[in-house]
Amino acid sequence: MADEIITVRDEGRLVGFLRAITDYSYCCYISDIAVDKDNQGQGIGKELIRIL
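Per the numbering used here, the very first residue in the sequence shown carries number 4; after that it's consecutive.
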């Protein structure tokens with residue numbers, strides 16, 4: 004199992020992140036996902052999951 008951390012930044016400011024545990028073949032558990040309140044509704048969370 005491995006930890007994955009994906010971040011999204013806007014001009015250097017952290018606006019979203021996702022943290023997951025995966026075995027890269029069968030199992031993936033998203034333990035945290037967050038998007039800054041001012042940046043919600045822009046598809047950032049969906050993109051984080053798509054990237055994973």
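Note that the Cβ used here is the ideal one computed from N, Cα and C, for glycine as well.
I47 and Y29 have their C-alpha atoms spaced approximately 25 Å apart. Counting along the chain, the unbroken alpha helix (DSSP H) around L51 starts and ends at 47–54.
Sequence-distant Cβ neighbours of L17 in its own chain, meaning closer than 8 Å and more than five residues away, are T10, V11, D39. Here the alpha carbon of D26 sits roughly 9 Å from the alpha carbon of Y32.
When the alpha-carbon of E7 is set against those of G15, D13, A23, the nearest one is in A23.
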